[in-house]
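Heads up: the structure comes next, in structure tokens.
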Amino acid sequence: MSKQGFAVRSLIALAVAGAFPLQSALATEGAAAAEGQDTPAASAPAANQLETVIVTAQRRAENIKDVPMSIASIKGDKLDVLTSGAADIRFLAGRSPSVNVESDYGRTFPRFYIRGLGNTDFDLNASQPVGYVMDDIVQENAMLKGFPVFDVDQVEVLRGPQGTLFGRNSPAGVIKFDSAKPVFKTEGYLTLGVGNYSAKNAEGVFNIPVSDTVALRFSGTSQHRDDRVHNTNPTPGKGTQDFEGYRDNAFRLQALVRPTKDFDALFNYHERDYHGTATLFRANIIKKGTNDLVDGFDYGSYPSDGINYQILKNKGGSIRLKYNLDDITLHSITGYETLKFNSRADVDGGYGAVYAPPYGPGYIPFAVETADLLPNHKQFTQEFRAESNYKGPLQWIGGLFFFDENIQIDSIAFDTFSPGNPQVAPYSVQYQKAKSWAAFGTLNYTVSDQFKVRGGLRYTNDKKDFSASRIDYPAGSTTLTTATTDLHDTSHNLSWDLSGTYELDKNTNLFARVATGYRAPSMQGRLSALTDKPSKAGAEKALSYEAGIKQDLFDKRARLSASVFQYRVKDKQLTAGSGSVNMNQLINADKVTGQGVELDLQANLGYGFSSTLGYSYNDTEIKDSKLFVQYCGNYGNNPTHASGCTPTNPAGPFAGTSLINGNPLPRAPKNQLNFTLKYSTEIGNGEFYAYTDWTYRSSYNFFLYEAPEYKAKPLTEGGLRLGYKWGDGKYEVAAFGRNITDKRVILGAIDFDNLTGMLNEPRTWGATFKYNF
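This is the structure:
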């Protein structure tokens, strides 16, 4: 190596070490190795090199460095640590740059955000701009997206519009899960775990080759936790007494049939059975005029007069066929999902009401207890895809996609002070039928050994039929009346993308990408009165630009990915509240813009240390000078409780409204940072390891309007796992802790009734034993 090359490399090492001090050891070793000094890393460089990450973001298996888009993967030790203690899908929040996950339904209704783009809607047919793909099957309804994470090979986060190859409602990006597939050898594992709150968890896998052409893989998980919150209502026996326990069981059975080397058939069947409690909406836990918890707040206490439970049953399956011809590979992917869901909660978050004392905690203007049900849900998808596999500079993919979904949503009101629950009225029902088909294709062309370009197109046709009904008594009448409104919509869209990769040297790739995305029109109608009408938001369309660098450093012992991006979404679909009514309204903003940076860094530091660092900055803005929304509900005639919050935006054209032009998107923190550090060393006949992970995110607004009560505090959470492996990795015992500092902050709120908030998970800890065979 020339002196100039060594100087450049050393400067890079010093720069990385300065930004990331824990890499100083690696920088020193890397610089020494560059001069050929006799160090352990120089004599055996492969031992410390990072594993090559293979992803399928472009529906082909590729080195992540060669994919011309901002993409991250989570697998292996990091995935095991983040899911310690049977963590649900929300473990992804902040664990990859620009990614947030939250839920108003706990473990059963995750809402995903990428680069600030998401949807805060709590309605059970709410669409999201982040696509969720499990084993090549799009999971459209939010209830499908909370399936427990077990026996997963890899998680891929594809940032930016994915309108060409994935298509289905993915203008913000795609989160892609790939389960471990059957293999032709006998293997498996069993993991048993215990933890605080009497947690008991078991996970197991058994893979067996039935013959030379058939292999089976069974994997399952059983997760249990006792209640950890108690009802302290001063009228004992009224309402559910204990909360936040759950029983979550799921399994997956896969069969791989490979009669010839050119044909594969993979069959997948999975089920989930969840029984637990809904998210606790805690009344008046926010200090008026601030985002602080009230003095004396007790996490373990929840005074309520309502019933709380949640039940989810999900069944699904898929058939994936793959046939290799001489120059073309054919794919057929068929998927079917069905689920039933029932969730009931005390939405007012307390007991009683102002007109029926005693009431509390704090001011309860009116009692609200509801149940939402999905008694009928069916989703069918079919994809046919062909791709080239011959040698040459031009490669292509082409295909057809079909989507068919039918759902029914029941919303039932309960009256705490009247007998006969559930009440005959009011009762709201929504029916939705959605059909979509698409044709798509991409071309990849190798211009030279250093320069490759890619372009894609997708035509989509969406049709949606929606009906909303309410059964209720008209004012002053004792006769039940039904009001029904129908909505229909057909939309078309052509999405495209163009990207390129330039190999600066054998370790460094530059990339740039411009892409469009599309989300079909949305409809909903949780009607709260006979005169209400369902709301509709038209299709939104996104245009995104990004550019970045992907680089292997220090003889492939470190890997850097950095990108900058800017996007614009026209007719952005937003969810607005309805003042003092438990109902959302869908609206379109003229435009929403976003820009930012993303950084991913992995490194084997030497001396038994390895680390990862991720950072993102997202600056979002709503741009619509005429758009206004209703802010928090007005609490009646009591002068000391005239309003539950303190809105700070300019007043809108009507009383109780705020203009939101210039506001950031809700649930979109500007800054996110994640960090992991692992140390491992040989002790005795085994390996001891210590792994810590940390995530930080800045504050964000809960709603479209701004108010100090409804602004999340910055949050830093950390985890720790200590373990020992022996018997050539056959046995492993570990202790873990999540949210080890026990930080408690408000993550979300309900604004129509009182200063009701929802909190993050408290500290959990436990131990596991794993047996591999």
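Just add 995 to the spot in the sequence shown (first one is 1) and you have the working numbering. By construction, the Cβ of each residue, glycine as well, lies at the ideal position given by its N, Cα and C atoms.
In the three-state scheme derived from DSSP, where H, G and I count as helix and E and B as strand, P1421 is classed as coil.
By the 16-neighbour rule on beta-carbons within 10 angstroms, Q1123 is buried. Annotated three-state conformation of F1145 is coil, per DSSP. Taking the Cα positions, Y1192 is about 6 Å away from R1220.
The three-state reading of DSSP puts P1703 in helix, counting H, G and I together. With a cut-off of 8 Å on Cβ pairs, the stretch 1640-1652 is not in contact with the stretch 1605-1617, counting fewer than three such pairs. Judged by DSSP in its simplified three-state form, L1139 adopts helix.
The alpha carbon of V1224 has as its nearest neighbour, out of I1084, A1042, R1154 and Q1236, the alpha carbon of Q1236. At a Cβ-Cβ threshold of 7 Å, K1565 and A1584 do not count as neighbours. Annotated three-state conformation of K1531 is strand, per DSSP. A distance below 6 Å between beta-carbons, with the five flanking residues on each side excluded, links D1619 to the following residues of its chain, in chain order: A1584, D1585 and N1656. Look at N1384 here: in three-state DSSP terms it is coil, with no helix or strand label.
Taking A1478 as the centre and dropping the five residues before and after it, the same chain places the C-beta of R1465 and L1525 closer than 6 Å to its C-beta, in chain order. The three-state reading of DSSP puts G1101 in helix, counting H, G and I together. A direct Cα-to-Cα measurement between T1365 and N1337 gives close to 11 Å. Here R1055 carries a coil assignment [DSSP, helix/strand/coil]. In the structure shown, the three-state DSSP call for R1106 is strand. Within the same chain, and ignoring the five residues on either side of Y1684 in sequence, the residues whose Cβ sits closer than 7 Å to its Cβ are K1673, Y1674, S1675 and G1718.
In the DSSP assignment, G1071 falls outside any beta strand (DSSP E) and within the unbroken alpha helix (DSSP H) covering G1071 to L1077.
Put simply, the stretch 1123-1143 touches the stretch 1260-1271. At least three CB pairs are less than 8 Å apart. Distance between F1117 and T1570, taken at the CA atoms: about 9 Å.
Scanning the stretch 1641-1724 for uninterrupted beta strand (DSSP E) segments of 3 residues or longer gives 1652-1654, 1666-1678, 1681-1692 and 1710-1721, listed from N- to C-terminal end. Apart from sequence neighbours up to five positions away, the residues of its chain that approach Q1597 with a beta-carbon distance below 7 Å are L1045, A1553, R1554 and T1607, ordered along the chain. CA-CA distance, R1563 to D1614, rounds to 12 Å.
The C-beta separation of G1240 from D1222 comes to about 4 Å, placing the pair in contact by the 8 Å criterion.
S1517 is positioned such that its CB atom lies closer than 7 Å to that of L1581.
The straight-line gap separating the alpha-carbon atoms of K1140 and Q1305 is approximately 16 Å. By the neighbour-count criterion, in which 16 or more other beta carbons inside 10 Å mark a residue as buried, H1372 falls on the buried side. Closest in C-alpha terms to Y1346, from the list T1455, G1234 and R1054, comes G1234. Non-local C-beta neighbours of L1160 in its own chain, meaning closer than 6 Å and more than five positions away in sequence, comprise R1054, ordered along the chain.
Around the CB of V1442, fewer than 16 other CB atoms lie within 10 Å, so the residue is classed as exposed.
Of the residues assessed, R1453 falls on the buried side of the cut-off, its CB having 16 or more other CB atoms within 10 angstroms. In this structure, N1734 keeps its C-beta atom at 7 Å or more from the C-beta atom of R1716. Across the set A1433, N1680 and T1480, the C-alpha of A1433 shows the shortest separation from the C-alpha of D1457. Look at N1502 here: in three-state DSSP terms it is coil, with no helix or strand label. Restricting attention to F1276, V1728, G1155 and F1145, the CA atom closest to the CA of F1172 is found in F1145.
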